[in-house]
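FYI, in the UniProt record's numbering the residues of the sequence shown are 1 to 301. Every residue, glycine too, gets a C-beta built ideally from N, C-alpha and C. Quantities reported herein were computed from a predicted structural model and do not represent experimental measurements.
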Amino acid sequence: MTERTQWIYKSKEVLKPILETQLIGVSRAIVGLPMDHFFDRFKTLIQASQNNNFKQLFLESYYRNGIFRGIFAGFSSQISIQLFKQYYRWPMMILIPKLYMQILPQKVKESAPALHKGLAGITIALFESFVTCPFERVKCQMMTQQQSKSVLKYMWEHDGGIKGFTRDLFTGMEVMILKQVVSWTNYLYWDHRVRYYFKGEPSHKLTIQEIVLCSILTAIPNIIIVQPFDMIKTQFQMENNDQIKNLSIWSAFKKVYEEKGIHGFYAGWQMRFCQFMFQALLTTPVMDYLERLHGIPQKQQ
Numbered sequence: 001m002t003e004r005t006q007w008i009y010k011s012k013e014v015l016k017p018i019l020e021t022q023l024i025g026v027s028r029a030i031v032g033l034p035m036d037h038f039f040d041r042f043k044t045l046i047q048a049s050q051n052n053n054f055k056q057l058f059l060e061s062y063y064r065n066g067i068f069r070g071i072f073a074g075f076s077s078q079i080s081i082q083l084f085k086q087y088y089r090w091p092m093m094i095l096i097p098k099l100y101m102q103i104l105p106q107k108v109k110e111s112a113p114a115l116h117k118g119l120a121g122i123t124i125a126l127f128e129s130f131v132t133c134p135f136e137r138v139k140c141q142m143m144t145q146q147q148s149k150s151v152l153k154y155m156w157e158h159d160g161g162i163k164g165f166t167r168d169l170f171t172g173m174e175v176m177i178l179k180q181v182v183s184w185t186n187y188l189y190w191d192h193r194v195r196y197y198f199k200g201e202p203s204h205k206l207t208i209q210e211i212v213l214c215s216i217l218t219a220i221p222n223i224i225i226v227q228p229f230d231m232i233k234t235q236f237q238m239e240n241n242d243q244i245k246n247l248s249i250w251s252a253f254k255k256v257y258e259e260k261g262i263h264g265f266y267a268g269w270q271m272r273f274c275q276f277m278f279q280a281l282l283t284t285p286v287m288d289y290l291e292r293l294h295g296i297p298q299k300q301q
């Protein structure tokens, strides 16, 4: 085998799993995007308004701005975000844990069998926060604005030039990093622990009943732990955020607690639970399939 042939063979070995996971990830996003956005839209609206009456918010959104600009406000931004996210997320979710498994010493892997998932979660979270913060800011503004308008034009006119506009796009970056680290490490850890509890053997394929149970058991700790951070992120990035956008993260947590109590951190949890269950029912079998196909070698599980 010539050197050129070896290089081509190795390139295929690297590119094949990346391209396959990207294709499957984007396909999964397209299938689930309309329902995923619907839940995300009203979860964000409840967090911003502190009105837990879903029916009232639904009707107000519909009568004020119609279906696309009301019920599905922010959908255009959501399409861009989700397709972009799925394009890089799946290769990272499958291949980064595999990389950490190869790097970590054997003793560390034996004492902390899920550490590779936690490290992968931190890596993905840091990357994703920097890349998607402007998109999330625009999406949140679109979802919570009272009247339909061009968000980017509005921000540019009110931020006083490129410096203010750029700063506004990255509003909430610190809390987004914190939320993403907590969310990703929590999700990958519980997904790994729960799935392999049911799987027994790494090569075992999950049944439909096991997929549903995995989704529920992964959703519960995710909502309990992550929802408060998601609530604060919404407060920083929503429309009419003047009272909170210049606060520290700790001050923002304190302000929400003093005004709304503990339950204020969990505003919209019902929508988030439905959203997470919907996502997990699509994600869990895909994750399991790709991990068996391209992920951690069976002998290292």
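With distances taken Cα to Cα, identify the nearest neighbour of residue i among the options.
i    : options                   : result
K245 : F236, S203 and I81        : F236
L217 : G264, F276 and V31        : F276
L95  : F170, I18, F54 and F130   : I18
Q209 : R195, E201, I220 and K55  : R195
P285 : C214, S251 and R89        : C214
T207 : Y187, D288 and M155       : D288
G74  : Q141, F170 and K205       : Q141
K16  : V31, A114 and P91         : P91
Q146 : R64, L104, H204 and S203  : R64
M93  : N52, E20 and K149         : E20
S148 : G70, V26 and K255         : G70
N186 : L115, K109 and F278       : L115
K43  : S203, N241, K199 and M231 : M231
G172 : V256, S203, L104 and N241 : N241
Do you know how far the Cα of residue j is from the Cα of residue i?
i           : j    : result
K179        : K233 : 8 Å
L23         : D36  : 19 Å
F127        : W190 : 21 Å
residue 314 : F58  : Absent from the model: residue 314. The displayed extent of the chain is 1 to 301, so no value can be given.
E201        : L99  : 21 Å
E258        : S61  : 29 Å
T132        : F84  : 9 Å
R272        : E239 : 20 Å
Y154        : G66  : 21 Å
I211        : S251 : 40 Å
L293        : S49  : 44 Å
L290        : T166 : 38 Å
H158        : Y197 : 53 Å
H263        : S76  : 31 Å
T123        : G261 : 33 Å
T283        : G160 : 42 Å
R89         : K55  : 34 Å
I220        : S111 : 26 Å
C274        : N52  : 15 Å
G25         : F278 : 15 Å
P97         : V31  : 26 Å
K109        : K205 : 24 Å
Q301        : K255 : Reliability fails at Q301, whose pLDDT of 42 lies under 50, so the model's placement of it is uncertain and no value is given.
K163        : S27  : 37 Å
L104        : W156 : 47 Å
K299        : K199 : Only weak support is given to the placement of K299: the predicted model assigns it a pLDDT of 44, under 50, and the question is left unresolved by the model.
Answer yes or no: do residue i and residue j have a C-beta to C-beta separation smaller than 8 Å?
i           : j    : result
F68         : R41  : no
residue 302 : E136 : In the structure as shown, the chain starts at 1 and stops at 301, and residue 302 therefore has no counterpart that could be examined.
W184        : I223 : no
K139        : Q47  : no
L45         : M143 : yes
K107        : H192 : no
L188        : A280 : no
Q102        : A29  : no
I177        : S248 : no
F229        : V151 : no
What distance in whole Å lies between the Cβ atoms of residue j and residue i, which are believed to be in contact at a cut-off of 8 Å?
i    : j    : result
A125 : V181 : 4 Å
F253 : Q227 : Not confirmed; about 13 Å, so no contact.
P134 : L169 : 4 Å
Let me check you understand the geometry: is the CB of residue i closer than 7 Å to at least one non-hydrogen atom of the ligand GTP?
i    : result
L126 : In the structure on display, the ligand GTP does not appear, and there are no ligands present to speak of.
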